[in-house]
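There are 2 protein chains.
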Amino acid sequence: MTLRFDIHAKDGAARTGVLSMPRGEIRTPAFMPVGTAATVKAMLPSSVRETGADIVLGNTYHLMLRPGAERIARLGGLHKFMGWERPILTDSGGFQVMSLSQLRKISEDGVRFRSHIDGAEEFLSPERAMEIQRLLGSDIQMVLDECPAYPADESQIEKSLALSMRWAARSKAAFGEQPGHACFGIVQGGVYPHLRQRSAHELREIGFDGYAVGGLAVGEGQGAMFKVLEATVSHLPEDRPHYLMGVGKPDDIAGGVLRGIDMFDCVLPTRSGRNGQAFTRGGPLNLRNARHAEDTGPLDSECRCPACRQFSRAYLHHVVKAGEIIASMLLTWHNLTYYQDLVADLRQAILGGTVAACAGKVLAAYARPPEAAPEA
Amino acid sequence: MTLRFDIHAKDGAARTGVLSMPRGEIRTPAFMPVGTAATVKAMLPSSVRETGADIVLGNTYHLMLRPGAERIARLGGLHKFMGWERPILTDSGGFQVMSLSQLRKISEDGVRFRSHIDGAEEFLSPERAMEIQRLLGSDIQMVLDECPAYPADESQIEKSLALSMRWAARSKAAFGEQPGHACFGIVQGGVYPHLRQRSAHELREIGFDGYAVGGLAVGEGQGAMFKVLEATVSHLPEDRPHYLMGVGKPDDIAGGVLRGIDMFDCVLPTRSGRNGQAFTRGGPLNLRNARHAEDTGPLDSECRCPACRQFSRAYLHHVVKAGEIIASMLLTWHNLTYYQDLVADLRQAILGGTVAACAGKVLAAYARPPEAAPEA
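Chains A and B are the protein sequences, given in the same order.
Under my numbering, the first residue of the first sequence is numbered 1, with each subsequent residue one higher.
Under my numbering, the first residue of the second sequence is numbered 377, with each subsequent residue one higher.
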């Protein structure tokens with residue numbers, strides 16, 4: 001194993017520790033901001049670090065299309081290119097191929113598709129997905145998997161899972177030996193516990209540096225997602241990091257931590273920020289709402305980010321309504337800070353044996369109905 | 377006079393000094409970034425300050441429409457609202473009414489128009505323009521003037537000028553006494569030297585804290601603009617700041633300084649930045665151009681901004697092409713830094729008696745034909 005993972009404390013199924021990599025330590029539970037196209041949208045890398053992020057995620061699909069993996073390699077790799085010297089995890093491109101590309105055709109060999117940017121024909125196989133991630137210089141590389149649409153019946157999921165497991169073995173073989181870099185497998189199996197468990201055991205047979213749970217947060221609902229985690233995580237190696245892909249809302253993260261998840265990524269804090277939505281300790285806020293127009297208070301009085309320390313809700317309301325870039329900058333910064341503080345609080349609570357209470361506060365704040373649609 | 381202006385050195389017609397205001401000193405020649413709608417687009421106020429800006433400009437037209445001057449006053453004024461505690465100069469709204477609004481109708485009393493945002497009917501008079509600027513808490517307030525379209529014949533310009541001068545007297549009366557705040561008059565008169573001189577003398581009769589030259593950079597060309605400055609500036613009080621409104625390209629600024637201008641504002645560095653255009657010591661660059669795609673060098677090797685210190689031209693090319701917000705952030709930051717370094721170099725050169733050589737370098741870099749249209 002090239003990836004050292006020290007678990008410092010447990011509280012129920014929740015764990016806190018440190019994943020050590022040559023480019024830096026990753027405190028877990030960790031939230032990884034998404035840096036799709038070699039940028040965490042609307043943030044400078046130094047600001048991403050200021051929020052507390054130890055690692056960011058890059059998207060193989062986006063980067064292979066523009067500017068291209070070979071080009072990034074010639075320019076010295078993704079870290080140097082985007083100005084982020086700490087660890088980067090890259091996905092394999094499978095999820096975006098399914099959600100963004102056109103005319104995709106899946107075969108045993110891989111997936112053929114057309115770029116959503118210029119319509120050019122592209123091909124992604126397990127071997128090419130791993131080659132791209134190696135060219136990028138990714139610290140944690142993900143196997144290529146098939147991401148079935150939701151809902152899908154059991155036989156479809158079973159067939160898709162079998163393909164994903166064959167691709168996992170090919171991905172691992174293609175990853176080969178890369179000292180200081182890690183390769184994670186991805187558990188699939190839909191909402192079917194026995195398929196999830198089969199997937200977990202097959203991945204353990206191959207042997208990975210970490211184990212992700214994929215194919216969730218695709219419409220199955222939080223309750224079903226938590227049930228899948230409960231049926232899956234105990235079948236993963238306890239001494240390896242567990243990563244819940246593409247999740248989620250603050251309460252999803254709190255619930256995931258309670259069920260033994262160590263790593264998360266999600267576009268929600270960045271995408272919502274660009275859309276005038278803020279995550280606060282009191283729950284979600286829609287800054288477009290007219291009730292903020294003359295509110296001189298901060299977005300979140302406990303938050304340390306520039307949006308909360310230097311500006312009022314009234315100002316944020318104004319720049320959101322006016323479509324100003326600073327609205328995206330400030331709300332993204334705030335949301336990423338909130339997410340980092342959320343996982344930092346959970347880490348602290350696990351050390352203190354109070355994770356249930358800590359997660360309960362988050363679940364309470366986010367179980368409320370979302371704020372009404374904008375009035376003005 | 378509430379505005380203290382100390383001229384430290386002269387070199388030909390060029391001057392360098394300090395304008396002292398309660399909210400801070402303004403080193404001249406000064407470039408004022410434009411903060412249209414209570415934000416210098418794509419920049420945090422702290423970053424604007426880091427570029428070296430001593431003062432920013434706010435637009436009365438935009439702020440009166442959204443969020444409204446009375447609202448900003450209730451929220452504690454524009455400085456507090458936008459998080460910029462140093463001096464702010466506001467225009468009177470006249471220029472934007474002419475260029476942005478619909479169905480405008482000018483009378484002796486003022487100008488009636490429809491908002492470009494929601495079509496609401498609005499009215500701006502000299503008295504209302506000054507009231508708005510007072511509500512905003514503006515440090516330097518500009519008189520309302522009429523900005524005639526270019527080209528216009530001499531009789532049209534003369535008639536418009538007469539109205540602007542009556543409005544200037546009403547604006548000054550409406551400004552009244554505001555300790556620590558300044559009121560500037562605006563010289564009009566098109567490209568007609570005798571009208572410019574008449575305007576200058578009429579404004580001196582009224583008496584202002586500073587004198588702006590308006591109605592330029594509207595299509596008359598650099599040569600004609602410089603001729604107007606040569607015919608005008610010597611008729612302005614030497615001991616008061618001279619402000620060339622809405623100008624301009626780096627060579628326009630260098631040429632303006634050579635002709636006795638102390639203050640400039642322009643959307644060019646910010647707007648061009650959002651459009652993939654950079655100003656460098658070597659001349660203008662279009663980052664969309666494919667020749668930058670694998671260029672590992674910095675935008676401008678002498679520049680101190682984050683875009684130049686932390687990223688390559690190849691990265692900037694990528695994020696411009698991908699339409700990423702960080703492209704606007706980095707290129708705006710760079711362009712504002714370039715503009716601040718430009719005026720800092722000119723200030724230093726005036727102190728050293730070498731302003732002609734300093735300005736000559738800028739004129740040479742920017743007299744070249746602009747880079748060809750993007751290839752990819």
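Even glycine gets a Cβ: it sits at the ideal position worked out from N, Cα and C.
Just so we're clear, the structure is a prediction, and the values are computed from it rather than from any experiment.
(message) Between residue 701 of chain B and chain A, is any beta-carbon pair separated by less than 7 Å?
(response) yes
(request) Output the distance between the C-alpha atoms of residue 55 of chain A and residue 515 of chain B, rounded to the nearest integer angstrom. (result) 45 Å
(request) Output the boundary residues of the alpha helix (DSSP H) element that contains residue 404 of chain B. (result) Per DSSP, residue 404 of chain B belongs to no alpha helix (DSSP H); it is in the beta strand (DSSP E), 400 to 404.
(request) Taking residue 348 of chain A as part of the alpha helix (DSSP H), name the residues at either end of that continuous run. (result) 325 to 352
(request) Report yes or no: is there a C-beta of chain A within less than 7 Å of the C-beta of residue 443 of chain B? (result) yes
(request) Answer yes if the region 303 to 322 of chain A comes into contact with the region 234 to 249 of chain A, meaning at least three C-beta pairs across the two stretches below 8 Å, and no otherwise. (result) no
(request) Would you kindly check if the distance between the Cβ of residue 329 of chain A and the Cβ of residue 42 of chain A is under 7 Å? (result) yes
(request) Taking residue 336 of chain A and residue 53 of chain A to be in contact with their CB atoms under 8 Å, please state how far apart those CB atoms are, rounded to whole angstroms. (result) 7 Å
(request) Count the other C-beta atoms from every protein chain shown that fall within 10 angstroms of the C-beta of residue 595 of chain B, then say buried if there are 16 or more, exposed otherwise. (result) exposed
(request) Work out the CA separation of residue 501 of chain B and residue 487 of chain B for me, nearest whole Å. (result) 6 Å
(message) For residue 70 of chain A and residue 659 of chain B, I'd like the C-alpha separation in whole angstroms.
(response) 31 Å
(request) Name the one or two DSSP bridge partners that residue 88 of chain A has. (result) A/56
(request) Return the residue from the list B/738, B/557, B/664 that minimises the CA-CA distance to residue 629 of chain B. (result) B/738
(request) Please name the residues in the region 94 to 112 of chain A whose beta-carbon is closer than 7 Å to at least one beta-carbon of chain B, in chain order. (result) none
(request) Compare the C-beta of residue 751 of chain B with all C-beta atoms of chain A and state if any pair is closer than 7 Å. (result) Low local confidence applies: a pLDDT of 41 at residue 751 of chain B is under 50, so the model's placement there is unreliable, with the coordinate-based value given in what follows. No, its Cβ sits nowhere closer than 7 Å to a Cβ of chain A.
(message) Helix, strand or coil for residue 481 of chain B? Go by DSSP, reduced to three states.
(response) strand
(request) Can you give me the start and stop residues for the beta strand (DSSP E) that residue 487 of chain B sits inside? (result) 487 to 490
(message) Tell me which residues of the region 292 to 307 of chain A have at least one Cβ-Cβ distance to chain B shorter than 8 Å, keeping chain order.
(response) 293, 294, 296, 306
(request) Taking residue 705 of chain B as the query, report the chain A residues whose CB atoms sit under 9 Å from its CB, ordered along the chain. (result) 42, 43, 44, 325, 329
(message) Taking the alpha carbon of residue 49 of chain A as the reference point, which residue from A/64, A/61, A/63, A/33 has its own alpha carbon closest?
(response) A/33
(message) Can you tell me whether residue 733 of chain B is buried or exposed? The criterion is at least 16 other CB atoms within 10 Å of its CB, across all chains shown.
(response) exposed
(request) Give the straight-line distance between the Cα atoms of residue 671 of chain B and residue 66 of chain A, rounded to the nearest whole angstrom. (result) 16 Å
(request) For residue 615 of chain B, write down the residues that DSSP places opposite it in a beta bridge. (result) Answer is none; residue 615 of chain B lacks a bridge partner.
(request) Output the distance between the C-alpha atoms of residue 15 of chain A and residue 318 of chain A, rounded to the nearest integer angstrom. (result) 42 Å
(request) Give a yes or no on whether the minimum CB-CB distance between residue 197 of chain A and chain B is below 7 Å. (result) no
(message) Looking at chain B, is there any beta carbon in it that lies within less than 7 Å of the beta carbon of residue 83 of chain A?
(response) yes
(request) Pull up the distance between the alpha-carbon of residue 464 of chain B and that of residue 406 of chain B, whole angstroms please. (result) 13 Å
(message) Just list the residues that DSSP pairs residue 185 of chain A with in beta bridges.
(response) A/211
(request) Would you kindly check if the distance between the Cβ of residue 313 of chain A and the Cβ of residue 300 of chain A is under 7 Å? (result) no
(message) Could you compute how far the alpha carbon of residue 115 of chain A sits from the alpha carbon of residue 103 of chain A?
(response) 9 Å
(message) Considering only their Cβ atoms, is the gap separating residue 106 of chain A from residue 60 of chain A smaller than 7 Å?
(response) no
(request) Give the DSSP-derived three-state secondary structure of residue 161 of chain A in the structure shown. (result) helix
(message) Taking 6 Å as the limit between beta carbons, can you name the residues of its chain near residue 379 of chain A, skipping five residues before and five after?
(response) Residue 379 of chain A is absent from the model: chain A starts at 1 and stops at 376.
(request) Establish whether the CB of residue 691 of chain B and some CB of chain A are separated by less than 7 Å. (result) yes
(message) Which residues in chain A have a C-beta closer than 9 Å to the C-beta of residue 697 of chain B? List them in chain order.
(response) 66, 67
(request) Using 10 angstroms around the beta-carbon of residue 99 of chain A, count the other beta-carbons present and answer buried if the total reaches 16, otherwise exposed. (result) exposed
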